[in-house]
Each structure stands twice: as C-alpha cells, then as structure tokens.
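Visitor: Residue numbers (numbering that gives the first Met the number 0), protein chains in the order written: chain A, 0 to 580; chain B, 0 to 580. Note that CB positions come from ideal geometry on N, CA and C, so glycine has one too. After the structure tokens below, expect a handful of questions from me.
There are 2 protein chains.
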Amino acid sequence: MAQKLAKYLPILDWGRQYKGETFVNDGIAAVIVTIMLIPQSLAYALLAGLPPQVGLYASILPLVAYAIFGTSRAMAVGPVAVISLMTAVAAGKIAAQGSPEYIAVALLLALISGIMLFVMGLFRLGFIANFLSHPVISGFITASGILIAVSQLKHIFGVSASGHNLIDMLRALLANLPQTNAPTVVIGVLSAGFLFWVRGRLKPALMTLGASERLATIGTKIGPVIAVVVSIAAVASLGLADKGVKIVGDIPKGLPVLSVPEFDLALWRSLLASSLIIAVIGFVESISVAQTLAVKRRQRIDPDQELIGLGAANIAGAFSGGYPVTGGFARSAVNFDAGAETPAAGAMTAIGIALATMFLTPLLYFLPIATLAATIIVAVLSLVNIADIRQAWTYSKADFAAMMATIILTLTVGVEAGVLSGIALSIGLFLFRSSRPHFAVVGQVRDTEHFRNTARHDVVTNPRVLTLRIDESLYFANARFMEDAVYDLVFDKPEIEHVILMCSAVNDVDLSALESLEAINERLKAASIQFHLSEIKGPVMDRLEKSHLRDALTGGLHLSQLDAIKATSGTSHGTELDFHL
Amino acid sequence: MAQKLAKYLPILDWGRQYKGETFVNDGIAAVIVTIMLIPQSLAYALLAGLPPQVGLYASILPLVAYAIFGTSRAMAVGPVAVISLMTAVAAGKIAAQGSPEYIAVALLLALISGIMLFVMGLFRLGFIANFLSHPVISGFITASGILIAVSQLKHIFGVSASGHNLIDMLRALLANLPQTNAPTVVIGVLSAGFLFWVRGRLKPALMTLGASERLATIGTKIGPVIAVVVSIAAVASLGLADKGVKIVGDIPKGLPVLSVPEFDLALWRSLLASSLIIAVIGFVESISVAQTLAVKRRQRIDPDQELIGLGAANIAGAFSGGYPVTGGFARSAVNFDAGAETPAAGAMTAIGIALATMFLTPLLYFLPIATLAATIIVAVLSLVNIADIRQAWTYSKADFAAMMATIILTLTVGVEAGVLSGIALSIGLFLFRSSRPHFAVVGQVRDTEHFRNTARHDVVTNPRVLTLRIDESLYFANARFMEDAVYDLVFDKPEIEHVILMCSAVNDVDLSALESLEAINERLKAASIQFHLSEIKGPVMDRLEKSHLRDALTGGLHLSQLDAIKATSGTSHGTELDFHL
Numbered sequence: 000m001a002q003k004l005a006k007y008l009p010i011l012d013w014g015r016q017y018k019g020e021t022f023v024n025d026g027i028a029a030v031i032v033t034i035m036l037i038p039q040s041l042a043y044a045l046l047a048g049l050p051p052q053v054g055l056y057a058s059i060l061p062l063v064a065y066a067i068f069g070t071s072r073a074m075a076v077g078p079v080a081v082i083s084l085m086t087a088v089a090a091g092k093i094a095a096q097g098s099p100e101y102i103a104v105a106l107l108l109a110l111i112s113g114i115m116l117f118v119m120g121l122f123r124l125g126f127i128a129n130f131l132s133h134p135v136i137s138g139f140i141t142a143s144g145i146l147i148a149v150s151q152l153k154h155i156f157g158v159s160a161s162g163h164n165l166i167d168m169l170r171a172l173l174a175n176l177p178q179t180n181a182p183t184v185v186i187g188v189l190s191a192g193f194l195f196w197v198r199g200r201l202k203p204a205l206m207t208l209g210a211s212e213r214l215a216t217i218g219t220k221i222g223p224v225i226a227v228v229v230s231i232a233a234v235a236s237l238g239l240a241d242k243g244v245k246i247v248g249d250i251p252k253g254l255p256v257l258s259v260p261e262f263d264l265a266l267w268r269s270l271l272a273s274s275l276i277i278a279v280i281g282f283v284e285s286i287s288v289a290q291t292l293a294v295k296r297r298q299r300i301d302p303d304q305e306l307i308g309l310g311a312a313n314i315a316g317a318f319s320g321g322y323p324v325t326g327g328f329a330r331s332a333v334n335f336d337a338g339a340e341t342p343a344a345g346a347m348t349a350i351g352i353a354l355a356t357m358f359l360t361p362l363l364y365f366l367p368i369a370t371l372a373a374t375i376i377v378a379v380l381s382l383v384n385i386a387d388i389r390q391a392w393t394y395s396k397a398d399f400a401a402m403m404a405t406i407i408l409t410l411t412v413g414v415e416a417g418v419l420s421g422i423a424l425s426i427g428l429f430l431f432r433s434s435r436p437h438f439a440v441v442g443q444v445r446d447t448e449h450f451r452n453t454a455r456h457d458v459v460t461n462p463r464v465l466t467l468r469i470d471e472s473l474y475f476a477n478a479r480f481m482e483d484a485v486y487d488l489v490f491d492k493p494e495i496e497h498v499i500l501m502c503s504a505v506n507d508v509d510l511s512a513l514e515s516l517e518a519i520n521e522r523l524k525a526a527s528i529q530f531h532l533s534e535i536k537g538p539v540m541d542r543l544e545k546s547h548l549r550d551a552l553t554g555g556l557h558l559s560q561l562d563a564i565k566a567t568s569g570t571s572h573g574t575e576l577d578f579h580l
Numbered sequence: 000m001a002q003k004l005a006k007y008l009p010i011l012d013w014g015r016q017y018k019g020e021t022f023v024n025d026g027i028a029a030v031i032v033t034i035m036l037i038p039q040s041l042a043y044a045l046l047a048g049l050p051p052q053v054g055l056y057a058s059i060l061p062l063v064a065y066a067i068f069g070t071s072r073a074m075a076v077g078p079v080a081v082i083s084l085m086t087a088v089a090a091g092k093i094a095a096q097g098s099p100e101y102i103a104v105a106l107l108l109a110l111i112s113g114i115m116l117f118v119m120g121l122f123r124l125g126f127i128a129n130f131l132s133h134p135v136i137s138g139f140i141t142a143s144g145i146l147i148a149v150s151q152l153k154h155i156f157g158v159s160a161s162g163h164n165l166i167d168m169l170r171a172l173l174a175n176l177p178q179t180n181a182p183t184v185v186i187g188v189l190s191a192g193f194l195f196w197v198r199g200r201l202k203p204a205l206m207t208l209g210a211s212e213r214l215a216t217i218g219t220k221i222g223p224v225i226a227v228v229v230s231i232a233a234v235a236s237l238g239l240a241d242k243g244v245k246i247v248g249d250i251p252k253g254l255p256v257l258s259v260p261e262f263d264l265a266l267w268r269s270l271l272a273s274s275l276i277i278a279v280i281g282f283v284e285s286i287s288v289a290q291t292l293a294v295k296r297r298q299r300i301d302p303d304q305e306l307i308g309l310g311a312a313n314i315a316g317a318f319s320g321g322y323p324v325t326g327g328f329a330r331s332a333v334n335f336d337a338g339a340e341t342p343a344a345g346a347m348t349a350i351g352i353a354l355a356t357m358f359l360t361p362l363l364y365f366l367p368i369a370t371l372a373a374t375i376i377v378a379v380l381s382l383v384n385i386a387d388i389r390q391a392w393t394y395s396k397a398d399f400a401a402m403m404a405t406i407i408l409t410l411t412v413g414v415e416a417g418v419l420s421g422i423a424l425s426i427g428l429f430l431f432r433s434s435r436p437h438f439a440v441v442g443q444v445r446d447t448e449h450f451r452n453t454a455r456h457d458v459v460t461n462p463r464v465l466t467l468r469i470d471e472s473l474y475f476a477n478a479r480f481m482e483d484a485v486y487d488l489v490f491d492k493p494e495i496e497h498v499i500l501m502c503s504a505v506n507d508v509d510l511s512a513l514e515s516l517e518a519i520n521e522r523l524k525a526a527s528i529q530f531h532l533s534e535i536k537g538p539v540m541d542r543l544e545k546s547h548l549r550d551a552l553t554g555g556l557h558l559s560q561l562d563a564i565k566a567t568s569g570t571s572h573g574t575e576l577d578f579h580l
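Here it is, written out as structure tokens:
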C-alpha cells in the first residue's frame, strides 16, 4: 500500500531521505531560479495577453504541486513561451484580451488541460504524445518562435496591433508604425541589444574574469533581471511614462486568492480541443527536459507519473489564478546547474515567488513593457532552429514535408491548424510508406548460407524457385501490395514452381495479411505453384500456428531460408525432402 | 504512343488477337450471364429503392465501358447487393424513395464515384483502398448482408416498413406485421425455400444426373430465373395481383435515354463522402474478384487500370439512367466458368440485356416483388460470414475489435458510420501496436554466433554490455518508447559500460527516431556509457551515413552483432579493437 502510494506520490520516496546538505543545495538553486523566474513570469503573462500578476501566480502553487507529484528531480515548471502563445490564441477565440472573461478562459485552459494530463497519467495514456513526431514538434516550435517574436515587435515600437498569424500581425504592425513612440523604441532596442550581448558574450567575459563555467552560465541567465532593474530606474528617473512609454503599472500586491473556476458546459466543450493540444505540447516539452536532466544522473523518469505531476501543477494553477504551465528548458537547466537535488528546490522557488508577489510588486510599477518584450524576443529566437530544417531535408523528404507543412500552416493559419496538420501528415506519410514497403527478389550468395538481393549481389538463383523478401511487417495497408508484388513476379513465367516469401523483416502478420497469404496460396495453387514462407520469427510463427494457413499451405513454413531452398530443390530431383514439418 | 494508349485501353491489346473461337466462347458465356443477370438486376434495383428498369440500364453501357477500359478478362460488372444498399442509404438521406429526385441522386452517385475512381486510377491512388483492412471489409459485408436480408422481409410479408439501421427496420416491420398479406407470404416463402434448395442441393442432384461439375455449378445460378418464371405464371394465372400481391408492373420498354446528369454544386458536395465510400468499397470488392480470376490463368490485373475501368463503367451508367455498379463475385465466377476469355463477353452480355430491355419487359409485368426479395435474401445470406468472426477472435484480438466495431456500428448506426469507424479503429490499433513494439534483451547463444532473447534462451551475457533488440522499424510513434526502454534498462546499473541496440528488425529509422538515437547517445555519454548500433540493414545504413549520429556515436555502427560484441569486449581488456570503422 505504502509502496503503491509512493508510486503516485514520489515525494514520499525522496522526502524520507531528505538531508540537511540537500536542503542547502536545493535552497541555493531556488534563490537563483526565483530571480530568473520573476521577469520571465511577467514577460510570458504579457505574451499570453494576461495581467503580469497571473504569470507570478502561475509560478507558485504549480511548483508545489509538481514537487509532490513529479518524478524529475531538477525540473522547474512555470509559464513558458510556446504555451503562453497557445493560451493567447485559444483564449482570444472566446474573449477579448484584457477582459475578465479572457482571464477566466486562460484559467480554465489550465484546469482542463491539467485534468486531461492527470487522467492520461492515471490511464497510462502518455503514448498519445508519441504521435507528435520530431519534425512536427521542431517545425511547430520554430514557427511559434517566429510568431512570438513578431507578436512582440508592437511593444518595441510602442504601437498596438493584433492578429493570430504572421500575415495579420505584420499587416497590423505596418499599418500602425506611424504611431511609433520614440522613447519606447530606445528602451526596447537597448534592452534587446543588451540581452543579445549577455546571451552571446557575457559567458566568455565572466570566464575570463575567473568565474567557473557553471557560474558563468548561471550569470548569463540573470541578464534579464539587470535589464529590468536598469530600465525601471531609467523610466522612473526620466519620467518616461508620461512620454508615452507603456509600463506595467499597478500589480495587485499579495498572494493569489484561491478560487474555484466556473463550470459552464458549453464553454468547457469549446475549450476541449485547445486544451488537449496545450496539454500534449506541454507534456512533450516537459518530458524531454525531464529526461535530459534525469539521465545525466542516471535517475529515472516515469512518463505516466510525469503526466500526473504536470496535470497536478496545472490544476493547482487553475485554483490559484494562474494559466497553463509546463517544464521549461532554460529554467530547469539553471536549476540543475545551480545544484538542485530534489523537487524541494521547486517548492522553495514557489516560496521565493510568493514573497516577491507580496513585497516586490510595487517596485515593478515603472517596468516598461518594451523591456519585457525584448526579453521574450531574445528568448524565443533561440527556438527558431534552421539547422533542424536543413537536417530534415538531407535525411528524409517525408520528414521534411511534415516539418514544412507544420511551419507554413502554423505561420499562415494558426498554431492549432499547424500542429494538427503536421500530425495528420506525419501519420499519413508513415502509413503510406509502410503500405509500399521495400522488397527484393533474393538469391543465395555463392558458397554461403546467406541470401541477398539479386539486384545488388552476385547470387545463385533457380528459375523454378522465386524468393521474395518483403522488408516490413505485413498488415492490412500493404497486404494487397504484397499480393500484387507476388502476382507481378509470377505472371508470364510458366517455369516457376515454387514461390518463397522470406519473412526476416516481418515483425507481425495481421489478419488482413494472413488472408492475403491464404489468397496467394490458393491462387498459386490454381496455377500449380507451391507457396512457402521462410525465416519466420518466433512470435509470428506462434500466430501462424493458430491459423488455417499452416495446413492449407502448399509449400511449408520454414524457420530458415536454407531449409526452404532444400525443400524446393528436393522436389526438383524427384525426391520429396520433408525438411519443414 | 500506341503502347501507352494500349496501357489505358486494354481493348487494343486483346482486341488485336481476337479470334473466331474466342468469339464463340465469349458468346456462350454472355448468354448464360445475361439470363442470370436479368432477375439480379431487377432485384438489386428494388434493394436500392429504384424502379426495376434502372437495374437493367445499369447492366448495359457500364459493361461496354468496362470491356474497353478494364484489365480483367472475365469479370462481370453490374449492380451488386452491398453497393445497392449503400446507394439506398445515401440517396435516402437526400430524397424520398420513388421520387424523381431519388433516381437523379442515385445516378449522381454513380457519376461522382465513377469520376473519383477514374481520377484515382489516373493518379495511381489505388493504394487508398488498402486502408480498408480485411476485418473491416468482412465485418462490413456481414453486417450489410444482415441489413439487406432484414430490409427485404417487408416484401416477403407484403407490408411497408423503412429504416436505415437494424433496430429501426425491425421496429417498423413488427409494427406493420398485422397488415401481412397471405398470398405474398406464400410466394415469398416458397421462392426462398426453392432458392435455398437450389443453392444447397441442386448441384449434387445435377451431378448425379450426369452433368459435369462446371455445368452443375452454372445450373444452380439459373435457379432465380426459374423462380421468376414460375411466380410470374402463378400470379398471372391466379390473379394474385388483385389479392394484394405487389408486382413489378409496367417497366418502360426500350433502351435507356442517354442524358446528362444535372450539376448542382451543393448537391454534389453533399454526395462527396457517400460517393467516396461507394467508390472504395466497390473497388475493393471488384479488385478481389478480378484478382481471383486472373491468377487462375496467370493473367495480370493492373489495379490502377481497374480503377479507370470501374470509373468508366460508373460514368457510362450515369449517362444512361443507371446507378453505381461494380464487379460482382457470383456473376464473374459464372462468366469465368462458362468460358469467357475476353471482356468481349461483357459487351455481348450488354447486348443481351439491351435486347431484354427492348422485348422482355412486358413479360415481367406480373413478377411479384416477394420473389425478387427472396432472391436477394438467399443471395445476401451467403455474405454473412461467422467463420471470419471466429477466426479473427482466435488470430488477433485487435483485428477482432476492428471487425466487431464495424459490424455493430453498421447495424446500429449505419453503413457509412460502420465503415469509417472500422477504418479509424484499425489504423489506430496498428499505430498503437507499432508504438509499443516487442523488444528483448539478448545474449549470445553458447558456442554460436547467434544472439537471442535472454528470457527465452540459455545465453551468455556480459554485465558490462547490455544488448537490446527492438522488433519494429523505428519511427516517431515508438521513438520515445525506445528511449524509455533504454533508460529503464540502464537506470540503477552502474556496471553497464556499453549499450548495443540490435537493429535486425529495423526496416527504417525516421528523423524522430534518429533524434532519439542521438538523445540516447548524448545522455548515455553523460553517464559514461558507450552506445552502439548493430545489424543495420543496407537502406538504413545509407541513411545513417548521412546523419550527424555517425560521427557523434560514442560506440560504433556495426554490420553484425558479433562485430559489436568484439568491439565492446576489446575495450574491456584494455586493447581498443576497431572492428567497426
């Protein structure tokens, strides 16, 4: 019982062995992550179209919930760029940005996707996320990065513009450019320039000054904090808020009020699809972060328990004024590098953010929106991965097609259309490829027991015996292809007496393929040709033993191709060798 | 040019070698098929809810078109039971049975599905039909057989009833049973009894009388003609039409009027889905008939050209007052057994039906509907295939699930819902299975070069070397599964220094799987474990050579598992053997 409970509550496991030393390490990591998370939370709330405090709220209770239910020792959950964009798109379909309904919808998205993740975890449905292929994820993240960066340009120019796809955004931005606010542009460009410098140059500089690589890496993550502090000071001292520079303004002070999200069946139903996509994308991002960190220390991630942990985090966010969260790559890496050993570091980060919410918000009054936009732009541009596109082109045209479809549709139609068509296309292309598998006529390599493709190797063949090797599991989508392949090879060759299907690459034979094998057997029999199967794998043989084919087969079921050849050559010399039964 | 034309017009090929002897054989077959086709055409038109002459019209020009474009030498196209049912369902959604709109919709279904088939043939899209798995087709045909038989019971009882699913039909039938017409029941039951007797007993009886098996088989197909002739005589002589027995009545005499189907964009659009399903189901039925017959004589079927042939047949039907047609199993077998050698037999059958339409229809005036219903019931009950259900249960639970879903949904919801959910379920189950492939930790069988599953065989393993064999192509849906499998096996085993992934069953590695292999490599490297791949197939190796993995791999890419083992044991003794590069 206790063990079963520990499976669902990993905290019982690591909590029992918690030591003072671990506490110190976790505490140090928590302080560093807290400092990094404050500007990030504000920026991603802005990206999601939500008031800044929602970003902070989403960084408190969700972290505690993940610390209790999650299996990753070092992952840091909270608002991330792509999920914030998806929240903006989904909520924007239902309500106007800035309205109370909009905030309520963002909260519901966290609740529904949290419940979905939790239930998927309980029913061990984590495999659903596997149908998001790498090219689709990569293409989607690249396109999201571009969309997010472009969406923030309006804050850099200090104009208003909206739109959920690239074309609408650019059109709105260009139309409003004449209203550009000069001080805003100065703040935005300086912040962005500084952050790019921090990202590219600060680390080597710190290392030249004698900092260790780990410390230098952590140092670069503090860049946004410096940008925030300096730009607050500039706006406050120069009175730029009166010169048209948009600022964060009043942020309600204090902890989020615990509340129960409203239940409106029609609204819930309209959010189901968006919530599912947010849940799956969030899970995929999170699990890949968690696995990267876990393997470094030979720790173990349970993907289904991760679903529960992430689900709990989102549900907790929904009850405390937050919006969808997931495990973020940058902050988890910082947490790990800063020495976090257990999820307690996450809980302590939550305390840090809670303290900031209680005492720090008045200091953020003069924070210019342009600075937050600059931190977003600099962060998301690293999501744009051109190398991946090039690699897909080189490695596989099918993967490239799925990736480009995702990118183009995400940019031009929207994030949901992009992901869904990417998934559909990659499944479609996989099915298409497996429906027309590679096959080869094979012969015996001279003086060996190896059988290879006649087109590639110098092999011995017998005109009376045709051996066909199909390099794919046999199932409904390629069963008829196999039939056609056999008939095409047999057609017009009256000398053929035996057809051998070599099954070395056949991992499964489903009922449709079995029927096709039976049809081939029957039809070849009508043409006086014996039909054999060779190199059958154990599990496939187990199944075939249960079928009619075993008895009906005019030839035999042979474990090896050599056995099959012996059986067929036996009949040619008039002596029936019965190697195979 | 001529050759290219002959590819699309097979008639140019066989027509050139046409001989007098062939003409005689084709002619005899045509006469027999014509006699068999007249009652069938009337009955299936009744099933489709169309006037009897529509069934005859559908058996004239479509046969000529198929003779020109089709590749099967012996297939006979025309109205068939399942497609007639689907036509009734699709047309019934748009218009009331018996109305002129209903007839126009049936004609449009032939036109649209004909165009779809024709275009699929031109673009070589025949593979689409492969996604109809055998259990789905079998389940669908079984369920359709039951639906059709039940739908005809009303004609046997002489009552009216309607409904497109089993429950509605039975409810309507039971409600109207009190109106049963006694003479109709007598005709219906006697006809059905006679036809069942013909089907089960006539063949042995004829053979006892000295007929050859082929002749006896053909003889049993004439049964419906006898039933028709006798029941017409009975109704006419006993004046049963006045006693409430429903008869065929006036059939317009003469050939169909060639006409252009109307073009109404909204109507066409609403028929697209139904037309596609009719096209695909019709093609699947037809191609399996054609292939069965072709292989018997070592002839060749070109599935893409078959699409063109079947498309042309349906388009021809649409311009001559018909409705959707396809290759029928029973009549094609009769055509083949009766000696048809070329598609000319089909063209001659068309002439036979045309003559019947011109001169025979007055004789059919007194034909009772109950007799036609009896021929349908007896014909379709052979479609119900319980053995297939049992076989699916024994052979594969996944196939059984897809079959039962198709049967239950076809019976309770409708034919289209049944087919579509069957397709979705079988694709889903296939993806699910391939997303969690069979895998095994393998070791070396003592004193051999074979490597087998440690769980099944007595093998030698080295605690420092873990070899994992995954029995599936590696692609996006199982890439993460593979990662989890590796990490689970490595976790908590500090003694492991090498992980070898044995790829003997891997027919493909897509980009997602490549990324997972790279991730495994990186993560194992961080844990000081070398990662190797062994038994890589040629085409997979070609691709891996183009990837970063080749250089990044901490272990090696080995052609055989033995090479991999040699490479890993080399390092253990301090001497680095470089077998693999």
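Shorter than 8 Å, the distance from the beta carbon of SER511 (chain B) to the closest heavy atom of the ligand COA, or not?
Guide: Among the components of this structure there are no ligands whatsoever, and the ligand COA is therefore not found.
Visitor: To which residues of the same chain is THR567 (chain A) closer than 8 Å at the C-beta, ignoring the five residues directly before and after it?
Guide: ASN461, ARG463, VAL464, GLU496, HIS497, ILE499, GLN529, HIS531 and GLY554
Visitor: Per the contact definition of three or more C-beta pairs closer than 8 Å, is the segment 337-346 of chain B in contact with the segment 21-29 of chain B?
Guide: yes
Visitor: With 16 other CB atoms within 10 Å as the buried threshold, where does SER285 (chain B) fall?
Guide: buried
Visitor: Give the C-beta separation of PRO323 (chain A) and ILE82 (chain A) to the nearest angstrom, bearing in mind that I take them to be a contact with Cβ-Cβ under 8 Å.
Guide: Yes, they are in contact, since the Cβ atoms of PRO323 (chain A) and ILE82 (chain A) sit about 5 Å apart, within 8 Å.
Visitor: Taking SER511 (chain A) as part of the alpha helix (DSSP H), name the residues at either end of that continuous run.
Guide: 510-525
Visitor: DSSP puts HIS557 (chain A) in a beta bridge; with which residues?
Guide: BP columns for HIS557 (chain A) are empty, so no partner.
Visitor: Which same chain residues, not among the five before or five after LEU11 (chain A), have their C-beta less than 7 Å away from its C-beta?
Guide: LEU4 and ALA5
Visitor: Taking the alpha carbon of SER150 (chain A) as the point to measure from, which residue in A:ILE426, A:THR141, A:LEU165 and A:SER425 has its own alpha carbon closest?
Guide: A:LEU165
Visitor: According to DSSP, is THR341 (chain B) helix, strand or coil?
Guide: coil
Visitor: Give the DSSP-derived three-state secondary structure of LEU11 (chain B) in the structure shown.
Guide: helix
Visitor: Which full runs of the beta strand (DSSP E) of 3+ residues lie inside the segment 446-500 of chain B, going along the chain?
Guide: The segment 446-500 of chain B contains, as complete beta strand (DSSP E) runs of 3+ residues, the segments 450-452 and 464-469 (chain order).
Visitor: Can you have a look at GLU305 (chain B) and say buried or exposed, based on whether 16 or more other CB atoms are within 10 angstroms of its CB?
Guide: buried
Visitor: Check whether the Cβ of SER537 (chain A) lies closer than 9 Å to any Cβ atom in chain B.
Guide: Residue identity differs from the one stated: residue 537 (chain A) is Gly in this sequence, not Ser. By this cut-off, GLY537 (chain A) is an interface position.
Visitor: Using 8 Å as the threshold, is the segment 365-375 of chain A in touch with the segment 108-127 of chain A, meaning 3 or more CB pairs across them?
Guide: no
Visitor: From the beta carbon of LYS92 (chain A), is the nearest beta carbon of chain B less than 9 Å away?
Guide: No, its Cβ sits nowhere closer than 9 Å to a Cβ of chain B.
Visitor: Find the residues of chain A that neighbour THR393 (chain B), judging by a C-beta separation of less than 9 Å, and give them in chain order.
Guide: LYS545 and SER546
Visitor: From the DSSP output, which residues share a beta bridge with PRO367 (chain B)?
Guide: B:ILE246
Visitor: For a contact defined as C-beta to C-beta under 8 Å, what are the partners of PRO302 (chain A) on chain B?
Guide: ARG479 and ASP483
Visitor: CB-CB under 8 Å to ILE127 (chain A), same chain, minus the five flanking residues each way: which ones, in chain order?
Guide: Same-chain partners within the cutoff: MET119 and VAL279.
Visitor: Under the rule that 16 or more other beta-carbon atoms within 10 Å means buried, what is PRO255 (chain B), buried or exposed?
Guide: The residue is buried, with at least 16 neighbouring Cβ atoms inside 10 Å.
Visitor: Output the residue ranges of the beta strand (DSSP E) runs that lie fully inside the segment 58-133 of chain A and measure 3 residues or longer, sorted by chain position.
Guide: none
Visitor: Looking at C-beta atoms only, is the number of pairs between the segment 90-98 of chain A and the segment 54-61 of chain A that lie closer than 8 Å three or more?
Guide: no
Visitor: Would you decide whether VAL259 (chain A) is buried or exposed? Buried here means 16 or more other CB atoms lie within 10 Å of its CB.
Guide: exposed
Visitor: Considering only their Cβ atoms, is the gap separating ALA191 (chain A) from ILE155 (chain A) smaller than 9 Å?
Guide: Closer than 9 Å, so yes.
Visitor: Over the uninterrupted beta strand (DSSP E) stretch that includes LYS533 (chain B), give me the two end residues.
Guide: A small fix is needed here, since residue 533 (chain B) is Ser in this sequence, not Lys. Its beta strand (DSSP E) spans residues 529-533.
Visitor: What does the alpha-carbon distance come out to for the pair TYR394 (chain B) and THR360 (chain B)?
Guide: 50 Å
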